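Number of protein chains: 2
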Amino acid sequence: MNPQIFTVLSEQNRLDIVELLRAGAKPVNEITARLRLNQPQVSKHLRVLADAGIVNAHHIAQQRYYQLQQKPFKELELWLDRYKNIWNERG
Amino acid sequence: MNPQIFTVLSEQNRLDIVELLRAGAKPVNEITARLRLNQPQVSKHLRVLADAGIVNAHHIAQQRYYQLQQKPFKELELWLDRYKNIWNERG
DNA sequence: CTATTATATGCCTTGACAAGTATATTCCTC
DNA sequence: GAGGAATATACTTGTCAAGGCATATAATAG
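Listed in order, the protein sequences are those of chains S and D.
Residues are numbered in this note's numbering as their position in the first sequence, beginning at 1, plus a constant of 4.
Residues are numbered in this note's numbering as their position in the second sequence, beginning at 1, plus a constant of 4.
So, in structure tokens, the structure goes:
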């Protein structure tokens, strides 16, 4: 797992964006409106999320639709799996 | 889920401590030695981890053994479960 | 190709937080 | 209960990242 995911999701607005994108791909202006953030900040957060591989984007007209990517979530799941049974084995 | 867990685990030394504690409860001086950190920093990180409910401690002689707690990991797992099937449903 | 919408980037300021160092506290042993 | 080992806290300092605002780039429509 890339530990970067914790850093990226530790920022509340980014976490909110991720939660919002669970419902499907959304353009920047919709994210901006829903979360009541300023547009540049949303773009910056999306940049961070994209750099971490958590989202990617595609164009529709002038809009950029951002969408969640599976990989980092799968990786986080694998990381978390390693913590599942350690309490059974030890006190 | 408490989003605080992302903040807490976003710090590399804290993540290292958590990984180390997978092997079982350990006293502060052992963590300090293994991770080559200064003792006050380890105590501070453990404080943050404890405040987030990720570890707790018990005494054995003068030592404090720190141990992982299940709850935050379970909660993270539940949070992550919500991301499992969204890619099947949507493109 | 120009205007317009949509999004991205640059720069600055500010706040949060981790490290370093010194010191305080806790707990045991004798 | 005094000394010492183990751990916690206080204080300072430096770094980094997020927000605000201005502006640049991208993309489309007409």
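Ideal Cβ positions, reconstructed from N, Cα and C, are used throughout, including at glycine.
Computed from a predicted model, the values in this text were never measured in an experiment.
For proline 7 of chain S, the residues of chain D that pass the 9 Å Cβ criterion are Leu13, Ser14, Gln16, Leu19, in the order they occur in the chain.
Under DSSP, arginine 68 of chain D takes part in a beta bridge, and its partners are D:His63.
For proline 44 of chain D, the number of other beta carbons within 10 angstroms of its own is below 16, and it is reported as exposed. The DSSP-derived three-state label of proline 7 of chain S is coil. Judged by DSSP in its simplified three-state form, lysine 88 of chain S adopts coil rather than helix or strand. Contact of glutamate 81 of chain D with chain S by beta-carbon distance below 7 Å involves Leu84. Within the same chain, and ignoring the five residues on either side of asparagine 60 of chain S in sequence, the residues whose Cβ sits closer than 8 Å to its Cβ are Ala54, Tyr70, Gln71, Gln73. Residue burial annotation: lysine 30 of chain D is buried, with at least 16 other C-beta atoms found within 10 angstroms of its C-beta. In the assembly as shown, leucine 82 of chain S is an exposed residue. Its beta-carbon has fewer than 16 other beta-carbons within 10 Å.
In this structure, leucine 50 of chain D lies near valine 32 of chain D, with their beta-carbon atoms less than 8 Å apart.
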